[in-house]
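Numbering (our numbering), first residue to last: 17 to 656.
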């Protein structure tokens, strides 16, 4: 049975199970345990449950197989329920039970239960490297980085999994370099997972310098033969935007497995080279490489970006011909594609043909409908989901509430909020955040405050950020600043988004020095590297309050190339304070980036006209006409 699970031989395993029935040994604790473990590992949790219920006697090993099966299938609540039942029956948990239980807490982000398990482990002396690794992973997933690092530092024995886990939780270059140095000093040797993780982190951080250093080390240690490492390298370079390196790595492969082709197609898609992605897909088929379900899912997702109805339908036909038309990932991508091209009928038809619809599929359909502003259709799917007997998860409610906020659909927000409270999802951070945002966008700041008061006890930065953004949206700058202070008093670690909200609030009420000070505390007090958004709100604050040359200095000295939005903030400040010279400098930079952007011409024209330079203003309007740039008319929508 173990061998069947290892090689995913479900049919053969089922045959062996039938043979155990014929021989009358199916209820034997070892045979039954290995059988349910096989079913659980291969994702057939229903069969695993039937085997478990049929067994006359079950030991802790059988319980572990069942709990581990629930965890592997993403059924965190069922796993924790099984742990509770095991305890009620007086069966002692071992380290394998504990590891699965902690993973279940990670799955459903139940930090309170995870902390209880941590205390139980310490009291009972069940500490082991595997248990501590699982705890560390749970804390990282739950955004409790300090607790994760504390757990890591308290470990007497660390294995490669411990280090790989802490690399996953690293958030900046200095941290990764420091940890990797300690890793090497301790005599550890990186494996293919270590390099995969490090390349992924460099990609997320867009850190090409560190990425090239790890790339050189991987070459030196001979890891370029590992398919998983190569896929991670291609993924990293594609995220950074170095398509030449992507080509170089791909072309250097003697044997090009389908996973490498998938990464190349994904790289083109991520960098908005949709036609190159389609050509690569054609080359894959031409060279006789057997595409898998992920290939079709990626290429259909690429078609979603192009929003080309003809390509979408062609890929639908190709996936059907290849036998992947009913596959979960491919079907999900096709449904999204048809929604994006406006063919809701076709998307609903594919949905209705699915034999098994899981929460991930419902979530993808609902979030895509919300993204396309089909909020009422999204609510219809929520009703279908509930009528099928399934329970919506926090991500589904988050998507629906985001849709309500984008449409300022007040009555729908109240109805969904009531359902959220009834089903006990109000304690989930992302749902609480979406409720606050939805009420704020609907104009009901009082209800947003009420939702915040109910959820701020969780001491989660996301909830505080949502409330600060809500206050900023309503022009209540002082309240936003006070919320930031409450967060600091509660010892909640601010995020980059927290500083965006509070610095923007300072800008709106003229507290420029306080805003500057807060920007500096990001680096001095919290060791944070300011993001583009942080620099953007700092420039906006300075420009809004007349510190125009300070704003220009920030733009010229920041570690990012200027982008249109940050330059428009400075240009708006030049218009307000009548600085023609700086306005012209800013407009020239803006027009070199986006020559067809009407807002730049309009703002520069206003800079001149409000300074009584009517001739210059007329010249700008003439240049706008000569270049064929049209001003987009504004419009408003009222829901009745």
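Positions of the beta carbon are idealized from the N, C-alpha and C atoms, including for glycine. Keep in mind it's a predicted model, so treat the numbers as computed, not measured.
Is DSSP giving residue i helix, strand or coil here?
{"i": "residue 515", "result": "helix"}
{"i": "residue 595", "result": "coil"}
{"i": "residue 534", "result": "helix"}
{"i": "residue 134", "result": "helix"}
{"i": "residue 304", "result": "coil"}
{"i": "residue 525", "result": "coil"}
{"i": "residue 563", "result": "coil"}
{"i": "residue 207", "result": "coil"}
{"i": "residue 455", "result": "helix"}
{"i": "residue 96", "result": "helix"}
{"i": "residue 89", "result": "coil"}
{"i": "residue 107", "result": "coil"}
{"i": "residue 389", "result": "coil"}
{"i": "residue 62", "result": "helix"}
{"i": "residue 669", "result": "Residue numbering for the chain in the displayed model covers 17 to 656; residue 669 lies beyond these limits and cannot be assessed."}
{"i": "residue 55", "result": "helix"}
{"i": "residue 428", "result": "helix"}
{"i": "residue 575", "result": "coil"}
{"i": "residue 198", "result": "helix"}
{"i": "residue 469", "result": "helix"}
{"i": "residue 113", "result": "helix"}
{"i": "residue 441", "result": "coil"}
{"i": "residue 267", "result": "helix"}
At a Cβ threshold of 7 Å, is residue i touching chain B?
{"i": "residue 301", "result": "Absent here is chain B; the protein component of the structure consists of one chain."}
Sort the options by Cα distance to residue i and report the nearest one.
{"i": "residue 121", "options": "91, 106 and 104", "result": "91"}
{"i": "residue 446", "options": "334, 471, 507 and 134", "result": "471"}
{"i": "residue 524", "options": "388, 485, 143 and 539", "result": "485"}
{"i": "residue 135", "options": "124, 123, 148 and 125", "result": "148"}
{"i": "residue 63", "options": "73, 75 and 50", "result": "50"}
{"i": "residue 262", "options": "269, 253, 268 and 99", "result": "253"}
{"i": "residue 382", "options": "358, 292, 105 and 411", "result": "411"}
{"i": "residue 498", "options": "476, 521 and 490", "result": "521"}
{"i": "residue 54", "options": "33, 69 and 38", "result": "33"}
{"i": "residue 581", "options": "597, 563 and 607", "result": "607"}
{"i": "residue 243", "options": "35, 228, 278 and 400", "result": "278"}
{"i": "residue 320", "options": "339, 370, 293 and 298", "result": "293"}
{"i": "residue 119", "options": "83, 328 and 342", "result": "83"}
{"i": "residue 430", "options": "94, 443 and 413", "result": "413"}
{"i": "residue 565", "options": "283, 599, 404 and 311", "result": "599"}
{"i": "residue 562", "options": "544, 534, 541 and 593", "result": "593"}
{"i": "residue 325", "options": "356, 39 and 18", "result": "356"}
{"i": "residue 401", "options": "322, 378 and 332", "result": "378"}
{"i": "residue 575", "options": "222, 303, 298 and 373", "result": "222"}
{"i": "residue 482", "options": "506, 596, 456 and 73", "result": "456"}
{"i": "residue 466", "options": "239, 437, 139 and 165", "result": "437"}
{"i": "residue 220", "options": "338, 434, 35 and 192", "result": "192"}
{"i": "residue 657", "options": "22, 157 and 462", "result": "With the chain represented from 17 up to 656, any question about residue 657 goes unanswered, as that position is not in the structure."}
Given this structure, state the Cα-to-Cα distance separating residue i from residue j, to the nearest angstrom.
{"i": "residue 570", "j": "residue 555", "result": "7 Å"}
{"i": "residue 305", "j": "residue 548", "result": "41 Å"}
{"i": "residue 313", "j": "residue 367", "result": "15 Å"}
{"i": "residue 172", "j": "residue 20", "result": "36 Å"}
{"i": "residue 519", "j": "residue 529", "result": "10 Å"}
{"i": "residue 99", "j": "residue 77", "result": "13 Å"}
{"i": "residue 237", "j": "residue 301", "result": "33 Å"}
{"i": "residue 280", "j": "residue 266", "result": "8 Å"}
{"i": "residue 174", "j": "residue 111", "result": "16 Å"}
{"i": "residue 395", "j": "residue 104", "result": "40 Å"}
{"i": "residue 532", "j": "residue 295", "result": "49 Å"}
{"i": "residue 584", "j": "residue 551", "result": "13 Å"}
{"i": "residue 24", "j": "residue 58", "result": "7 Å"}
{"i": "residue 177", "j": "residue 204", "result": "11 Å"}
{"i": "residue 70", "j": "residue 48", "result": "9 Å"}
{"i": "residue 539", "j": "residue 109", "result": "45 Å"}
{"i": "residue 329", "j": "residue 416", "result": "28 Å"}
{"i": "residue 385", "j": "residue 459", "result": "23 Å"}
{"i": "residue 514", "j": "residue 557", "result": "15 Å"}
Is the number of C-beta pairs between the region 140–154 and the region 176–187 that are closer than 8 Å three or more?
yes
Please confirm if the region 212–228 is in contact with the region 240–257, defined as three or more CB-CB distances below 8 Å between the two stretches.
yes
4 or more residues per run - each alpha helix (DSSP H) lying fully within the region 22–53:
26–39
Going residue by residue through the region 280–360, where are the continuous alpha helix (DSSP H) segments of at least 4 residues, counting only ones entirely within it?
290–302, 309–322, 325–337 and 344–356
Please confirm if the region 377–392 is in contact with the region 422–437, defined as three or more CB-CB distances below 8 Å between the two stretches.
yes
Only counting runs of 4 or more residues, tell me where the alpha helix (DSSP H) segments fall wholly within the region 391–422, in order along the chain.
As far as the region 391–422 is concerned, its whole alpha helix (DSSP H) runs of at least 4 residues are 391–403.
Unbroken stretches of the alpha helix (DSSP H), 4 residues or longer, contained in the region 122–191
List check, alpha helix (DSSP H) in window: 127–140, 145–157, 161–170 and 176–184.
With a floor of 4 residues, list each alpha helix (DSSP H) that falls wholly inside the region 213–237, ordered by position along the chain.
224–236
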